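Enquirer: Before I ask anything, here is the structure I am working with.
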Amino acid sequence: MLTSRSSSLYIGTLARRCPALARLTSRRCIITDTHERMTAIQNIKDPGELLAYYASHADMDPRSLESTLRALGHATNQSLVQSVINDERFHRLLTSITTKLESLDARSIARMANALGLFPSRTSPEMLECAQTICEVAVKRTNAFSPSSLASLALGLAVRGVQTPKLVEFVRMETMKSLQDFDPGQMCNILEAYRRWNVFNRELVDNVVERMTDEVDRFTGRDVVLALNVMSKLALARGFLLRRLTGLAFDNLPQFTGSQLVQLMSSLAKLRFLTTAAADDIVDAIGKCKHTLPTTQVSDVLFALALSDYEGSETTMQKFVTQYMKALDGSYVTLSSLADVAWSLCFSLTDDTSALAEVVRRIYEMPAPKGRAILLKMHEVQNSLNLEYPGIAKKHPVPTAWLTSMEENDKMDQDKTDSSRLHAEVLTLLDNVKGTHGIRSRLSVERNVPIGPYHVDFFDAATGLVIDIDTPSRPTSRKMRHRHIELLPNTTYKTLTINYWDWRRHSRKEEEQMSYLKAVVKQALEGPSPEQEGSTVVEGVPTEQGKVKSDGNELRDRGYVTTVAAMSWPTAICKLTILFIFYFLGLLICFMPKCALRRWARRVQRYLVVWLYDIRPPAYSSVRFSNVRAPIKGTSFELDGILVLPGEGDKFPFVLIRTPYGKETLINDARIYAERGYGVLIQDSRGRFGSTGEFFPLENEREDAAAAIDWLVHDCEYYDGEGIGVHGLSYNGMCAYSSLSNPLGRQHVKCIVPGISACELYPVIFGHDGNQWSFELVCRWLWLVIGKGDTKPLPGKPMPLRKRVERVGVLLQFFFMREAPPFKRAYWSLPLENVDRLLLNGQPLEVYQKAIRDTDVDGEFWKHRNVLCDLRTDTPLGGIHFVGGWYDFFLRQMLKDYAKAKASGRGDVRLTVGKFAHWQLFKYVPLYTRTVMDFYDHYFAARGRKASDRDQAYPVTLEIIQSREDLVSYLHLSDWPPRDTDPMNLVMTSNGRLVDEKAATHQEEGVVRYHYDPRAPTPAVGGTSFNAKNCGEKLQEDFERERLANGDLVVFTSPPFKTNALIVGNVKCRATVKSSAQSVDIVCRLCRVDRKGHSYNLCDGLERLWDAGSAHTVEVDLGPTCVLIRKGERVRLQMTSAAYP
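So the sequence shown is numbered by my numbering: it starts at 1 and just counts up by one.
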């Protein structure tokens, strides 16, 4: 102690004697003290301990203060920032710095600003005051800052939100003075500062980009990442520099760290410069370090993959999603990261709904931000939840604060679009798009038009065309927005995205821009051509005029060819209008007295028939009528008929049409054949209208058909003996079948053409197993035919005018009222024995009572009514042509009848199936009439006939169901069901997807449940209904939304098809079912989903499971179909327990 004290005393004595030595000693002590403090500060990692250290060393010099502030910035994360900026010691630290700023040099001022910029996004008043003081001091130091110090100063102050005109101009001037001395990282910091200030100085940016381009070959890996990062944030799409940087990066991928690779991938995606192949290369380069990436970088990868519309392996994204969800609970996750993941999952239509729900839950638990990018992403995410994931949207509703922020951000985004030079440039050119390239009229586009939940860049109301420009300045791509617009209910919008880089490639000349716009607009309005879709359309031969031909040998070897006939919308609408006029004229003529006006109307109608039905012109200018009566041998009854003959001549081949609906309803159709050289006998069924006796459906048709043929052969003086043709639709078709049930009919009937009919009725009403009662069919037919049809015999007399008016009213009620009052009462009444009384004015109907009591196909009631003829032995030697519709309830049995007739080996057996339902007259009557006329002209030598060569190799013609309404496509097969087809097996998963059987092992397995209440049965929308307002192909969107919300329906949807797929044949669904009820019906319906997300029914089926208390595998036969699923379209399976009624 003494030695030490003596030494101190000695040094003090020397200092008093030598002042210079005293100053040197003091300075050495300060430097030593500062170094020790800085070392101590760098070793402290906790913000609280750093503040405590500062409080115990309040006499710190500026360098120690800067080190403390920098260390605090590094140590303070998002979860701690609030506690730090509210700490009184932190306030004192900032005050100490502020008071010493004037005495600091430029380098120290820049370091202080840089240290302030290290803190997370929150800014306290004290931090802002300190930053503003730094700004005021700095702008006075002209020519004092080096490039490094200037870049640090600008970026630090920009991060803290300090922006004054003097500061912005000071940084610009200082940068321009010494730009040649800036390295790439410093130039990037300058650009980032200006981005944060929201100031775009073109002169500065151009000079910086030019300097970076000159120095690009000297960039390090870090420089490349920084440059691409700032370019993506600024949306600085400078093609030459971008290509140079991208090439440099991919040439040296192994040299980058995992974090740098993620930044590289994210930047390229935001610049719309990332392809699927490039993304795969970066993912492969990340390699083993993938599992060490923090959650924020995992979310960056997911967002980059989605933003670039990644089309690689589906497992790539799923692996990153799984990694992110595993790390979600163990680490702090920023709102921006969660928003990126939510947007990525929605964009890719993820099957992992649990992950999406969890991410959305966490997002909405946080306060609504002010950042544009997050709000734009969440706006699209919320719309995706509403339209595509309604279950998640219902479970996690959007908070009011979030909704308000999204709406305000949307308005700001509109203002930004309004001021865009690129949008103004495109708008000017869009207004002039017309003329060639298929654009017939000038577009009239408006800017910033609200479409559903979005505001679109441009919209043309006349065509429904939505146009958006996908620029790097947008945080998200337009694809998901357009998908949502196309999913909007009851809309037919067409969407077009103008890719920024495609536009830049055509931006040198206005002519190139105009040509590019016309091409993309035409494609958006008309759809891609088959060549653009990557499909091959093979048209078969022979074809009619207007159809494209090719030899199609490859397809012929497999037993099928196709024909395609295009029809423009104006032509289709014109044909439909004239068809309506034709039928209206026919109805009007029935009420006209014989006069010149009636003759003129007949002449107009005659010419319309040729064009509408595409049949040969009339061979006769007039027709003759006479009432005839045919006795039924062994009874006192007579069948009343009308003989329709050509205007001249005495011998003709004959056509027989028998009907219970009134012979006068078929006079217009009979005229068509009589004008072309055929004699026609239209005859009422027994007990109907002019025919005597009592009407029992199907009971006497075989006997009555024999009586009609006997009269024609032996008593009709006009019959030429060449043969008889028989045809008819629906019940009339059953009458046609019955003409083959007797020896005289098999001898003289040369050919028949049954349309939308069947030879056996029991399977149509009760199904193949007797458990599928077509209740609606029975109720509506009884009401129309028995309840409202006039059955009083009127021998030899025309129908009174009053009766005609009453029948028109009945038909209008039947066709145009979805649920007329009598049907409503019948559908909801029990017991079923009373239904006939409700429909028939309180009178029971014997045939109905017997039918519902004797449901055995071999029972007393059905054995006389079910099978009208045996097609295995009764098929005419000439031919039989079956005509049906994909949405007709007779089709399944008609296909079985076709198979029986084909197996008989007798005659020419043909089949035609169109895209129509039972009551869609405008669709099938022209096709049916043309088919009948061609068939008769082939077998009979009628005057003026045009006999055509039959293509014996392809007797089956199927109309292809497809989304292209402007195409009528037919598939020609050698037989039904088609042979040599490739099976398509799709597997249902528990998350509501239909996946290929080969990929099913990777999907989630589980149980799907729904609740069905028999007291409120699930209705049927479209399909094989007997309801004229609810049959055929129908949009399923409202039905699916309502029933999913009700809980009595589940749906399974496939991913978009990557190529065109033609699905032909019988569709079956196999599922393992268990129910809380003892018995249950399983209804399955296959639908097609177009590119707009609209779902349309294709075919459906029902199967009853009696012992449903335990699990059973049930196979539901959905029936036949022929549908073309185009690239980008999907298929969907609906499953429920009813299709009422």
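Backbone N, C-alpha and C define an ideal beta-carbon position, used for all residues, glycine too. Note that the structure is predicted; figures quoted are calculated from it, not measured.
#1: Do F882 and R910 have their C-beta atoms within less than 9 Å of each other?
#2: Determine the extent of the alpha helix (DSSP H) in which Y454 is found, giving its start and end residues.
#3: Leaving out five residues on either side along the sequence, give the residues of the same chain with a beta carbon under 7 Å from the beta carbon of R160.
#4: Curious, which full-length beta strand (DSSP E) runs of at least 3 residues does the stretch 684-738 contain?
#5: Leaving out the 5 sequence neighbours to the left and right, which residues in its chain are closer than 8 Å to W197 when beta-carbon positions are compared?
#6: I need the boundaries of the beta strand (DSSP E) containing A630, first residue and last residue.
#7: Of the choices E638, T635, I672, N627, whose alpha-carbon is the least far from that of I615?
#8: Taking 8 Å as the cut-off, does the stretch 742-760 touch the stretch 919-938 (at least 3 CB pairs, one atom from each stretch)?
#9: Quick check on the DSSP output: the beta strand (DSSP E) that includes M1142 runs from which residue to which?
#10: Report yes or no: do three or more beta-carbon pairs, one from the stretch 977-989 and one from the stretch 737-750, lie closer than 8 Å?
#11: By Cβ distance, which residues of its chain are closer than 8 Å to E997, with the 5 residues on each side in sequence left out?
#12: Exposed or buried, which one is K1068 when buried takes at least 16 other CB atoms within 10 Å?
#13: Helix, strand or coil: how does DSSP classify R172 here?
#14: Bridge partners of T476, per DSSP?
#15: With K1092 and L385 assumed to form a contact (beta carbons below 8 Å), what rounded beta-carbon distance in angstroms separates them?
#16: I109 and L69 - do their beta-carbons sit closer together than 9 Å?
#17: Who pairs with D1081 in a beta bridge, going by DSSP?
#18: Should K902 be labelled buried (16 or more other beta-carbon atoms within 10 Å of its own) or exposed?
#19: Between which two residues does the alpha helix (DSSP H) carrying H938 extend?
#20: State the CB to CB distance for the pair S79 and Y332, rounded to an integer number of angstroms; the pair is presumed to be in contact (CB under 8 Å).
#21: Which residues does DSSP pair with E959 in a beta bridge?
#22: What ranges does the alpha helix (DSSP H) occupy inside the stretch 828-902, keeping only unbroken runs of at least 4 residues that lie completely in it?
#23: Rounded to whole angstroms, what is the Cα-Cα separation between A113 and I134?
#24: Using only CA atoms, which one of R1085, L1102, R1043 lies nearest to P390?
#25: Would you check if there are 3 or more beta carbon pairs closer than 8 Å linking the stretch 212-228 to the stretch 263-270?
#26: With DSSP run on the structure shown, which of helix, strand or coil describes C1031?
#27: Please report the straight-line C-alpha distance between R481 and Q414, rounded to a whole angstrom.
#28: Quick one, are the C-beta atoms of K651 and Y719 less than 9 Å apart?
#29: Between the Cα of W886 and those of F1039, Y762, L1118, A705, spot the shortest distance and give me the residue it belongs to.
#30: Just the Cα atoms here: how many angstroms apart are D300 and S232?
#31: Relative to the C-alpha of G287, which residue among Y364, G258, L302, S308 is closest?
#32: Is DSSP giving R1126 helix, strand or coil here?
#33: Our contact map puts S626 next to L643 with C-beta atoms below 8 Å; I'd like the distance itself, whole angstroms only.
#34: With distances taken Cα to Cα, identify the nearest neighbour of E380 among R361, E358, M406.
#35: Short check: CB of L242 to CB of L271, under 9 Å?
#36: Taking DSSP as the reference, what is the three-state secondary structure of P754?
Expert: The answer reads as follows:
#1: A Cβ-Cβ contact shorter than 9 Å links F882 with R910.
#2: Not the alpha helix (DSSP H): Y454 falls in the beta strand (DSSP E), residues 454-460.
#3: Cβ within range, chain order: L116, G117, T123, M127, L128, A131.
#4: Given a length threshold of 3 residues, each whole run of the beta strand (DSSP E) inside the stretch 684-738 is given here in chain order: 719-729.
#5: A158, Q163, V168, listed in sequence order.
#6: Bounds of the beta strand (DSSP E) holding A630 are 623-631.
#7: With distances taken between Cα atoms, I615 lies closest to I672.
#8: Result yes; three or more Cβ-Cβ pairs closer than 8 Å.
#9: For residue 1142 there is no data in the structure shown, the boundaries of the chain being 1 and 1141.
#10: No, the stretch 977-989 is not in contact with the stretch 737-750.
#11: Contacts found: N985, L986, V987.
#12: By the beta-carbon neighbour count (other beta carbons within 10 angstroms, threshold 16), K1068 is exposed.
#13: Correct three-state label for R172: helix.
#14: Listed as beta-bridge partners of T476 by DSSP are no residues whatsoever.
#15: In fact, because the Cβ distance is near 19 Å, the residues do not count as touching under 8 Å.
#16: No, Cβ-Cβ distance for L69 and I109 is not below 9 Å.
#17: Paired residues: R1104.
#18: Label assigned to K902: buried.
#19: Taken as a continuous stretch (DSSP letters only), the alpha helix (DSSP H) holding H938 covers 921-939.
#20: With a Cβ gap of about 5 Å, S79 and Y332 count as contacting.
#21: By DSSP's assignment, E959 forms a beta bridge with Y970.
#22: The stretch 828-902 contains these whole alpha helix (DSSP H) runs: 835-839, 846-853, 871-874.
#23: Going by the C-alpha atoms only, they are around 7 Å apart.
#24: Checking every option, the nearest Cα to that of P390 belongs to R1043.
#25: Yes, the stretch 212-228 is in contact with the stretch 263-270.
#26: Look at C1031 here: in three-state DSSP terms it is coil, with no helix or strand label.
#27: Cα to Cα, R481 sits roughly 15 Å from Q414.
#28: Cβ distance < 9 Å, so K651 and Y719 count as in contact.
#29: Looking only at F1039, Y762, L1118, A705, the smallest Cα-Cα distance to W886 is reached by L1118.
#30: When only Cα atoms are considered, D300 and S232 end up about 13 Å apart.
#31: The shortest Cα separation from G287 among Y364, G258, L302, S308 belongs to G258.
#32: Taken through DSSP and simplified to helix, strand or coil, R1126 comes out as coil.
#33: At roughly 5 Å, the Cβ-Cβ gap stays under 8 Å, so S626 and L643 are in contact.
#34: Ranked by how close their Cα comes to the Cα of E380, the residues R361, E358, M406 have M406 in first place.
#35: Taking C-beta atoms as the reference points, L242 and L271 count as a pair closer than 9 Å.
#36: P754: strand per DSSP, three-state reduction.
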